[in-house]
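In the working numbering, the protein residues as written are 133 to 994.
C-beta: ideal position from N, C-alpha, C; glycine also.
Just so it is clear, the structure is predicted and the values come from calculations on it, not from any experiment.
Notes follow once the structure below has been shown.
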């Protein structure tokens with residue numbers, strides 16, 4: 133009997149009908165373990181209209197997920213040879229996923245794709261979900277997913293994946309626990325004590341079912357585990373041993389494997405397990421009715437029995453052949469078969485890395501390295517090096533450094549100068565990603581010195597390009613070009629397009645200050661090579677540098693195009709580090725365009741990502757610092773402090789310039805000493821390779837010290853040059869054309885009375901409360917009268933009985949912030965935010981956040 137699921141079934145029916153009309157969607161069923169998600173899926177599938185193409189799959193609770201496991205399941209049902217497709221596409225995911233879309237999409241009839249237990253998915257599968265979700269709206273496909281709502285890492289990754297699909301393409305459907313009335317109804321039909329069952333289960337559907345099947349209704353089991361174990365104890369000895377054997381197989385056990393494990397008696401034993409409601413007969417295999425039940429039985433096994441059953445499972449799977457390496461590794465690990473782990477884990481890692489499942493590849497290398505002591509030194513060093521590379525791709529840079537240091541130590545012990553030099557180059561890169569410029573320079577120089585002592589090869593070419601990159605990042609233009617050219621010439625002789633691509637990126641990035649047209653061509657060529665050869669990290673870096681170059685040239689529309697394309701590329705290729713860096717740059721662009729709420733949301737998403745390194749966080753910090761400063765938001769100080777700490781580890785102009793600009797704005801607003809800000813500007817000026825780089829800081833210096841000499845303005849972007857020459861009117865007009873309202877306001881502020889009043893209006897419209905108040909002070913000092921006072925929020929807030937903190941919370945509610953985000957924004961606990969939100973709703977007599985916002989707007993509070 134399926135109770136309290138009619139609304140969900142009707143919603144799924146509607147989504148499938150929409151898909152049949154060519155408006156595909158992703159439907160995500162979420163609920164706690166045992167809530168009844170699979171039962172709901174079965175009921176929906178059982179009632180779908182004839183003619184619907186149905187393909188089912190599920191993720192397994194393996195030690196490390198099976199790379200693209202669900203896609204293999206779907207492909208088998210669709211009679212699509214996925215292994216051959218992967219070979220043809222050379223592991224490139226986007227073409228492979230495009231092939232999958234062609235296989236599953238047909239205009240003749242709707243397609244229902246099911247992936248259950250997505251919280252156990254590998255990265256590549258989540259990328260497939262993202263890929264399909266971002267293209268599904270114009271298809272005849274309904275992608276039905278199930279996932280738990282626990283706070284596990286897997287569930288968080290599912291939430292992030294779904295969050296990167298357009299909201300209009302995702303329908304989130306909650307599968308709640310059964311109500312007390314539903315439990316009482318089920319218990320009444322079975323002649324059981326419904327009140328007692330509801331108290332024990334809180335409405336968990338699977339637990340309810342187990343208790344309704346319990347023999348002793350006077351002593352209810354205290355947990356699902358106890359209920360399952362109690363039922364298992366009723367089995368004969370042979371059937372119970374069979375149940376134990378099945379429990380070591382995540383998701384399902386193939387019939388042939390069980391026969392190999394348990395012999396000719398297996399059929400009768402399996403039949404007994406099925407008859408007692410513990411296993412389901414799938415035709416060609418057997419599975420527990422729920423993962424909760426499987427885990428309950430597996431956890432009852434002693435260590436020796438668990439190892440024994442897993443070893444027998446491994447032997448059966450190896451003999452059968454054509455079994456996913458991930459499944460073999462799982463059983464090898466559980467069997468504590470170290471020899472098999474050493475052999476299989478590196479193979480699984482390479483398979484995962486090939487299709488971009490870098491997190492899973494790193495996990496397999498970690499498993500393999502637990503047995504490193506018994507491996508030959510060269511093989512061990514290679515594993516550490518591969519592990520380091522995968523770790524750095526997923527943003528775990530500290531761990532990557534440790535693994536690379538291990539590789540370097542072993543390479544030095546073997547006297548392998550070539551490999552040791554390449555390790556030093558990798559360490560240079562990792563140190564830079566951690567924000568440690570000093571170590572990056574030192575490692576980079578050591579790498580070149582060591583590699584120049586042996587015959588020149590690809591390692592030396594890449595080491596030259598690494599130094600060229602470091603020079604580029606420090607704005608040392610001539611050095612960048614010199615080293616980049618050396619790398620390109622050597623790489624061309626060696627036919628290494630990856631190194632050519634990397635070096636072109638460096639010289640193209642500095643080309644914006646030397647020869648803009650040539651620089652753009654070099655960056656475009658670098659991006660073209662990267663995309664053509666699937667050099668994913670090089671492509672991400674090319675997108676980033678193309679965007680930043682256009683930002684520096686005030687080519688905002690071109691920058692936005694590169695950022696959008698680059699972020700999409702990184703999302704679909706699981707390049708979290710580059711994705712978050714570009715999102716920070718995008719937040720800065722949104723600040724320029726006056727889209728401050730969007731900018732804050734983008735920046736906060738990066739900053740709240742625990743995996744983001746200091747370097748990756750920095751662009752987002754810049755955007756958030758400017759917003760909080762201008763809005764007068766609380767908790768700006770921690771952002772300033774983090775920026776300061778970052779610069780203590782090594783100063784680069786691109787980071788120093790943005791920091792100096794923020795500090796100059798603070799000084800202009802009277803928050804810090806002007807001399808401190810001017811000293812930072814002077815320091816940045818000494819590092820600027822051309823006057824063009826110094827344009828924004830020159831304009832801030834003029835605001836802080838109006839009598840100072842602006843210096844040479846040749847090469848500076850037009851609005852800065854005009855403003856420094858005193859032509860505020862044309863400068864403001866150019867900023868308006870560029871859709872940069874705050875900068876337009878700063879230019880108008882330096883004009884006549886009408887211009888100053890226009891500037892004040894711009895600042896008020898943007899919500900730049902601190903700046904608007906400073907503008908009023910300037911206008912009063914200039915003798916202007918009848919200055920608009922702006923919204924008198926304090927008076928209105930007092931009338932509503934809101935405290936200052938509650939007013940801050942209300943403003944963030946209006947901006948669409950969740951309680952978690954409000955807590956992060958105000959640096960207070962989520963529980964405190966809950967209290968403040970409740971108080972705000974109560975004082976505004978509002979039943980929801982939307983009603984509170986409407987009431988606040990009506991009363992002029994916001």
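Using the beta-carbon count (16 or more within 10 Å), is residue i buried or exposed?
i	result
residue 468	exposed
residue 508	exposed
residue 241	exposed
residue 283	exposed
residue 635	buried
residue 967	exposed
residue 538	buried
residue 218	buried
residue 661	buried
residue 491	buried
residue 460	buried
residue 551	buried
residue 183	exposed
residue 744	buried
residue 718	buried
residue 249	buried
residue 823	buried
residue 409	exposed
residue 216	exposed
Check whether the Cβ atoms of residue i and residue j lie closer than 9 Å to each other.
i	j	result
residue 357	residue 424	yes
residue 267	residue 293	no
residue 270	residue 309	no
residue 942	residue 903	no
residue 806	residue 829	no
residue 192	residue 201	yes
residue 599	residue 567	no
residue 631	residue 619	yes
residue 421	residue 412	yes
residue 245	residue 264	yes
residue 819	residue 861	no
residue 367	residue 342	no
residue 792	residue 768	no
residue 488	residue 225	yes
residue 206	residue 187	yes
residue 555	residue 571	no
residue 476	residue 512	no
residue 140	residue 247	no
residue 373	residue 401	yes
By DSSP's criteria, residue i is part of a beta bridge. Which residues make up the other side?
i	result
residue 158	275 and 302
residue 413	418
residue 949	According to DSSP, which records beta bridges pairwise, residue 949 is partnered with nothing at all.
Which same chain residues, not among the five before or five after residue i, have their C-beta less than 6 Å away from its C-beta?
i	result
residue 927	Caution applies to residue 927, whose pLDDT of 43 falls short of 50 and renders its modelled position unreliable; the model cannot decide the point.
residue 924	Confidence at residue 924 is low in this model, with a pLDDT of 49, below 50, so its placement is unreliable and the value that follows should be read with caution. Taken in chain order, the list of residues that qualify is empty.
residue 280	165, 251 and 287
residue 747	565 and 567
residue 330	312 and 315
residue 623	593, 631 and 632
residue 479	457
residue 74	Past the boundaries of the shown model lies residue 74; the chain is included only from 133 to 994, so the question cannot be answered.
residue 389	448
residue 871	725
Go through its chain and collect everything with a Cβ distance to residue i's Cβ below 7 Å, but skip five positions before and after it.
i	result
residue 650	643
residue 415	none
residue 103	With the chain covering 133 to 994 only, the question about residue 103 has no answer from this structure.
residue 573	602
For residue i, which residues from the same chain have a beta carbon less than 8 Å from its beta carbon, with the 5 sequence-adjacent residues on both sides left out?
i	result
residue 801	761, 902, 903 and 906
Alpha helix (DSSP H) segments (min. 4 residues) lying fully within the region 457-532: Within the region 457-532, the complete alpha helix (DSSP H) runs of at least 4 residues are 457-467, 470-486, 490-501 and 509-525.
Segments of 3+ residues assigned as beta strand (DSSP E) that fall wholly inside the region 218-274: 243-248, all fully within the region 218-274.
Continuous beta strand (DSSP E) assignments of at least 3 residues falling wholly in the region 632-701: Along the length of the region 632-701, whole beta strand (DSSP E) runs at least 3 residues long do not occur.
Whole runs of the alpha helix (DSSP H) within the region 333-363, excluding any shorter than 4 residues: DSSP runs (the alpha helix (DSSP H)) wholly in the region 333-363: 337-344.
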